[in-house]
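**Q** From first to last, the protein sequence lines stand for chains G and U. For the numbering used here, add 1 to where a residue sits in the first sequence, where the first one is 1. For the numbering used here, add 1 to where a residue sits in the second sequence, where the first one is 1.
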Amino acid sequence: MKKLRIYIRRLINLWAREVDLMIHNPIYICCMVVFPLVVIFFFTSLMSTGQPEKLPCGVVDQDNTSVTRAMIRQLDGLQGTQVAGHYNNATEARKAIQRNEIYGFLYIPEGTTAKLVSQRQPEVSFYYSNVTLVAGGMLFKDLKTVTTLTSAAVGAAKLQMLGKTPNEIKTIIQPIGLDVHMIGNPWMNYNVYLSCIMIPGILVLFMLLITVYSIGTELKFGRAKEWMSMSGNNILIALAGKLLPQTLIFLTIFLGYEWYVYGYLNFPHPGGLSMIVFLAILTVLSSQGFGVFVFGLMPSLRMSMSICSLWAVVGFSACGATFPLFAMDGMIEALAQIIPLRHYYMIYQICIFNGYPLINAWVNVVALVAFASLPILVVRNIKRAMIEYVYIP
Amino acid sequence: MSETKNTTKPNNKRKANSGPLGFLSSLCYIWWLEMKSTIKDEGVLIFFLLVPLAYPLLYSWIYNNEVVREVPVAIVDLSHSASSREFIQDFDASPDVRAAYYCNNLQEAEALVGKQVVHGILYFPSDFDLTLHRGEKAHVGVYCDMSLMLTYKAIYQTALAVSMEMGTDMKKGQSMSFTERDEEVSTEPMVVDAEPIFNTTGGYGNAILPGVLILILQQTLLLGIGLSAGTARENNRFQDLVPIGKHYNGIMKIVLGKSSCYFMIYCVMAAYVTMAVPHFFNFTMLARPADLFWLLLPYLLAVIFFGMTISCLVRYRENVMLLVVFTSIPFLFLTGASWPQSSIPGAWQGVSWLIPSTFGVRGYLRIASMGATIDDVLPEVRALWIQAAVYFVTTCFVYRFQIINARKHAISHYQMIQDRIKTAREKRPTGK
Chain G
2 MKKLRIYIRR LINLWAREVD LMIHNPIYIC CMVVFPLVVI FFFTSLMSTG QPEKLPCGVV
62 DQDNTSVTRA MIRQLDGLQG TQVAGHYNNA TEARKAIQRN EIYGFLYIPE GTTAKLVSQR
122 QPEVSFYYSN VTLVAGGMLF KDLKTVTTLT SAAVGAAKLQ MLGKTPNEIK TIIQPIGLDV
182 HMIGNPWMNY NVYLSCIMIP GILVLFMLLI TVYSIGTELK FGRAKEWMSM SGNNILIALA
242 GKLLPQTLIF LTIFLGYEWY VYGYLNFPHP GGLSMIVFLA ILTVLSSQGF GVFVFGLMPS
302 LRMSMSICSL WAVVGFSACG ATFPLFAMDG MIEALAQIIP LRHYYMIYQI CIFNGYPLIN
362 AWVNVVALVA FASLPILVVR NIKRAMIEYV YIP
Chain U
2 MSETKNTTKP NNKRKANSGP LGFLSSLCYI WWLEMKSTIK DEGVLIFFLL VPLAYPLLYS
62 WIYNNEVVRE VPVAIVDLSH SASSREFIQD FDASPDVRAA YYCNNLQEAE ALVGKQVVHG
122 ILYFPSDFDL TLHRGEKAHV GVYCDMSLML TYKAIYQTAL AVSMEMGTDM KKGQSMSFTE
182 RDEEVSTEPM VVDAEPIFNT TGGYGNAILP GVLILILQQT LLLGIGLSAG TARENNRFQD
242 LVPIGKHYNG IMKIVLGKSS CYFMIYCVMA AYVTMAVPHF FNFTMLARPA DLFWLLLPYL
302 LAVIFFGMTI SCLVRYRENV MLLVVFTSIP FLFLTGASWP QSSIPGAWQG VSWLIPSTFG
362 VRGYLRIASM GATIDDVLPE VRALWIQAAV YFVTTCFVYR FQIINARKHA ISHYQMIQDR
422 IKTAREKRPT GK
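(1) Mind checking the segment 156-174 of chain G against chain U and listing, in chain order, the residues whose C-beta falls within less than 9 Å of any C-beta there?
(2) Tell me which same chain residues have a C-beta within less than 7 Å of the C-beta of Leu224/U, skipping the five on either side of it?
(3) Measuring only between beta-carbons, confirm whether Val132/G sits less than 7 Å from chain U.
(4) Go to Ser126/G, then tell me how far its beta strand (DSSP E) extends in each direction, as first and last residue.
(5) On the three-state DSSP scale, how would you describe Leu107/G?
(6) Check the Cβ-Cβ distances between Phe284/U and every residue of chain G, and say whether any is below 7 Å.
(7) With a Cβ-Cβ cutoff of 7 Å, do Leu133/U and Ser80/U count as a contact?
(8) Going by other Cβ atoms of all chains shown within 10 Å of its Cβ, with 16 needed for buried, is Glu196/U buried or exposed?
(9) Under 7 Å, Cβ to Cβ, is there at least one residue of chain G near Arg367/U?
(10) Counting beta carbon pairs with one atom in the segment 226-240 of chain U and one in the segment 382-393 of chain U, are three or more of them shorter than 8 Å?
(11) Would you kindly work out how many angstroms separate the C-alpha atoms of Met371/U and Gln80/G, rounded to a whole number?
(12) Checking 7 Å against the spacing of the C-beta atoms, do Val98/U and Ile156/U come in under that value?
(13) Looking only at its chain, what residues have a beta carbon closer than 8 Å to the beta carbon of Phe281/U, apart from the 5 residues adjacent to it on each side?
(14) Beta carbon of Leu301/U, beta carbon of Tyr273/U: below 7 Å?
(15) Report the residue from Met147/U, Tyr102/U, Asn65/U and Ile305/U whose alpha carbon sits nearest the alpha carbon of Ala75/U.
(16) Can you tell me where the beta strand (DSSP E) holding Ala75/U begins and where it ends?
(17) In the DSSP assignment, the beta strand (DSSP E) including Glu35/U goes from what residue to what residue?
(18) Under 8 Å Cβ to Cβ from Leu76/G, same chain only, skipping five residues before and after it: list those, please.
(19) For Met387/G versus Met231/G, is the C-beta spacing smaller than 7 Å?
(20) What residue from Val352/U, Phe307/U and Asn106/U has the CA that sits closest to Gly142/U's CA?
(21) Mind checking if Met191/U is an interface residue toward chain G, Cβ cutoff 7 Å exclusive?
(22) Determine whether the beta carbon atoms of Gly202/G and Phe317/G lie at a separation below 7 Å.
(23) Sort Ala277/U, Tyr263/U, Asp241/U and Phe125/U by Cα distance to Arg401/U and report the nearest one.
(24) At a Cβ cut of 9 Å, what residues of the segment 140-156 of chain U count as close to chain G, listed as they run along the chain?
(25) Between which two residues does the beta strand (DSSP E) containing Cys104/U stretch?
(26) Hey, Tyr205/U and Tyr64/U: beta-carbon distance below 7 Å or not?
(27) Below 7 Å between beta carbons: does that hold for Lys138/U and Thr172/G?
(28) Thinking C-alpha only, which one of Leu314/U, Leu28/U, Thr424/U and Ala338/U is nearest Val213/U?
(29) Do you know whose CA, among Asp130/U, Met177/U and Ser164/U, lies nearest Ser435/U's CA?
(30) Any beta-carbon of chain A closer than 7 Å to the one on Asn237/U?
(31) For Ile122/U, report the span of its beta strand (DSSP E) as first-last.
(32) Which residues, in chain order, does the segment 198-212 of chain G contribute to contact with chain U at a C-beta distance below 8 Å?
(33) Which one of Thr424/U, Phe306/U and Leu149/U has the shortest CA to CA distance from Pro325/G?
(34) Can the beta-carbon of Leu359/G be found closer than 7 Å to that of Cys352/G?
(35) Near Ala241/G, which residues of its chain fall below 7 Å by C-beta distance, leaving aside the five closest residues on each side in sequence?
(36) Taking just the CA atoms, how far does Phe332/U sit from Ile356/U?
Structure (structure tokens):
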């Protein structure tokens, strides 16, 4: 009983010391509160339109008839596209793409309308640049829609002449219709898609770095002995005393982020509140655990911070949220499993975004729990480092 | 500049302290010190050499497959008819998707999505065949897991293409035409030719990697410069960035000496990243050497002076990692490589003009992936030169401030020692 009281007293003293350190070093406030808030605001405001709108598109209209002009007006009327320029020939339009003025162009050769009415099957083309994939995809869709509609209008006119009803005409023009259900994100909102992985990724990055930084600076500034003696040379108490105040701050920020995107911006979250809170706790603990583990492996502030940054930054690509993991090489697929963000993404998309039960993501939960408990392997190493090592710049 | 003089070393430093020769020798001396500390300092070495060498390879490897093929899809065929099977066969035969599972109902298929073994569902209602041949519109349900845009795109576009193809075949029979040519014309009155003009494969790596490569150059430079500035400060007695010494009495010497060291290292790195890496992994590379040079020259200068300006904020060497690493992702988004530039809100456009990578990546993407010439990227090149000039001036200002600070510290320290000596002398005669 008495021992327990001593432990608690030591913990409280360590917490007080840690809070004092955090208040007096502006880098903590920056990296734990200010930068995360900036990043959350950055991504959600950058993509606040959801989909890119009014992408500039060029037109090369060498035919210049009422039919082609109607087609161009229709293109301009679509939400995703804006006709930004008329060019005399394809070369000029291509150069405009190279100057970054437009992302694609519609090419209507001379005589298109004449061929169209006299049933000589004219050919129009559109060119789109895939260098910005999102813009290329959007333009492809809109240009395809417009050209298909124009083409269908001719068929519809002929069918009307033959005495078909509007219903029949629709069926003949498109006998098989697709009912597309975009589960969870029917607006194809890129804000929902990208913010939900980029922001947590950066929060994880900060958690890893700050965890390592806060432990490593004890050595660097020669406070390690003081820290250890305050904990009675018990590394578990020392770590708990150091990390718990940070856990609370990280958790607040992470829950704040989740409130902002799910509660305020109303991103889809059929998984429900309990899952959201559960994932926040799991993410914070696993990131801290991983940070402590990396420092335990290499008790050098510089090396462990470098490793953590490289790890976290590779995570953005290797988590498989933008380019799917199953399409990567086998080695990379295996490598991705030791990146915390990969498991975060899997739990997020299975349980929160798609609302499946947690059992579907059990492997990932186990992985994150394993990350959180990794420090057990290295606490002795950290203790030895704290007592014996001297900081070498 | 000083590159040719690097063999002079500090041999003649004693001889001249003023005049152009003295300037040059000081410059070379600072350059030499910076070079030495770069090679000796493990941390700087990691960010100046290891990361720019290895990271592009890792990223290229990650995205090397470029496109998503054979996305697994679950099929729920309640129609069990010749036409639904034809649809499934065509769907399965396409390169981007494959029919991985056949389920009896939607619930089964939904569970498969939950287990992540399929990424979408194709659903044929029981009256699919009936409606199709009764002259009504038949419907195929496509359910996509939207957690991955690329799999959605593969499934949706393939289903659309197959449905159009089958529809056209259906139409031909009903078109009341005499010849095959008639059928062709009536089902397709206008031929539409869709051509991806640049990045023709639609590859993900080809789209995103050039941006990442250029960004790696910037971020590692910022990290390296920051680290070496932090080290310099930590090794300094008064925690100043600039030590006191006869070589450190001019702003230009320090700024030019240090920047030429970084510039020389990064000439090699930039050449490797923009020429060797695309060659290893067969990325689109349409750039001509001269254009590439005239873009990268101002880019490197802008980044170096940008880095030297912000390196004054770094008090401890490790802080630079906390300040710089997280910016990589926002900086990449600001370039417009993933979210189109025309859709970036005005305020963020303004912020993006402060950062060299914005113009560097935009210019490089167009030169390398679109075959643009230096004239086409002139606005970007101009912006980079302006940045280089502005950041050069700010670097000079912050270094001036640092030199003044260092002098102040030194003078106050000297004063303190003098005072101490004075008081000690005063005390001595009275004490003894």
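In this text, a Cβ means the ideal position worked out from N, Cα and C, and glycines have one as well.
**A** According to the data block:
(1) So the list reads Gly156, Lys159, Leu163, Asn168, Glu169, Lys171, Thr172, Ile173 and Ile174, given in the order they occur along the chain.
(2) Correct list, in chain order: Phe48, Val321, Met322 and Val325.
(3) For Val132/G, the answer is yes, since a Cβ of chain U falls inside 7 Å of its Cβ.
(4) Glu124 to Ser130 is the extent of the beta strand (DSSP E) around Ser126/G.
(5) Leu107/G falls in the strand class under three-state DSSP.
(6) No, no contact with chain G.
(7) Taking 7 Å as the Cβ cut-off, Leu133/U and Ser80/U do not qualify as a contacting pair.
(8) Classification of Glu196/U: exposed, given that the 10 Å Cβ count is below 16.
(9) Output row for Arg367/U: interface = yes.
(10) Between the segment 382-393 of chain U and the segment 226-240 of chain U there are fewer than three inter-stretch CB-CB distances shorter than 8 Å, so the stretches are not counted as touching.
(11) Between Met371/U and Gln80/G, the C-alpha separation is close to 26 Å.
(12) The criterion of a C-beta distance shorter than 7 Å is satisfied by Val98/U and Ile156/U.
(13) Here the set comprises Leu58 and Ser61.
(14) Cβ atoms of Leu301/U and Tyr273/U: not closer than 7 Å.
(15) Answer by Cα proximity: Tyr102/U.
(16) Val72 to Asp78 is the extent of the beta strand (DSSP E) around Ala75/U.
(17) First-last for Glu35/U: Gly20 to Lys41, but that is the alpha helix (DSSP H), not the beta strand (DSSP E).
(18) Shown here for Leu76/G: same chain residues with a beta carbon closer than 8 Å to its own, the five before and five after excluded, namely Cys58, Val60, Thr82, Val84, Leu107, Asp143, Leu144 and Val147 in chain order.
(19) 7 Å or more divides the Cβ of Met387/G from the Cβ of Met231/G.
(20) The shortest CA-to-CA distance from Gly142/U to any of Val352/U, Phe307/U and Asn106/U is the one to Asn106/U.
(21) For Met191/U, the answer is yes, since a Cβ of chain G falls inside 7 Å of its Cβ.
(22) Contact flag set, yes.
(23) For Arg401/U, the closest alpha carbon among the candidates Ala277/U, Tyr263/U, Asp241/U and Phe125/U is that of Asp241/U.
(24) If the cut-off is 9 Å between Cβ atoms, the segment 140-156 of chain U has His140, Val141, Gly142, Val143, Tyr144, Cys145, Asp146, Met147, Ser148, Leu149, Met150, Leu151, Thr152, Tyr153 and Lys154 near chain G.
(25) Cys104/U -> beta strand (DSSP E) spans Val98 to Cys104.
(26) Taking 7 Å as the Cβ cut-off, Tyr205/U and Tyr64/U qualify as a contacting pair.
(27) For the 7 Å CB-CB criterion, Lys138/U and Thr172/G form a contact.
(28) Comparing Cα-Cα distances from Val213/U to each of Leu314/U, Leu28/U, Thr424/U and Ala338/U, the minimum goes to Ala338/U.
(29) This structure cannot settle anything about residue 435/U, because the visible part of chain U is limited to 2 through 433.
(30) In the structure shown, chain A cannot be found, because the protein chains are G and U.
(31) Counting along the chain, Ile122/U sits inside the beta strand (DSSP E) bounded by residues Gly121 to Phe125.
(32) Closer than 8 Å at the C-beta level to chain U, one finds these residues of the segment 198-212 of chain G: Met199, Gly202, Ile203, Leu206, Phe207, Leu210 and Ile211.
(33) For Pro325/G, the nearest C-alpha among the options comes from Leu149/U.
(34) Using a Cβ distance threshold of 7 Å, Leu359/G and Cys352/G count as a contacting pair.
(35) Here the set comprises Leu12.
(36) Answer to the nearest angstrom: the Cα atoms are 8 Å apart.
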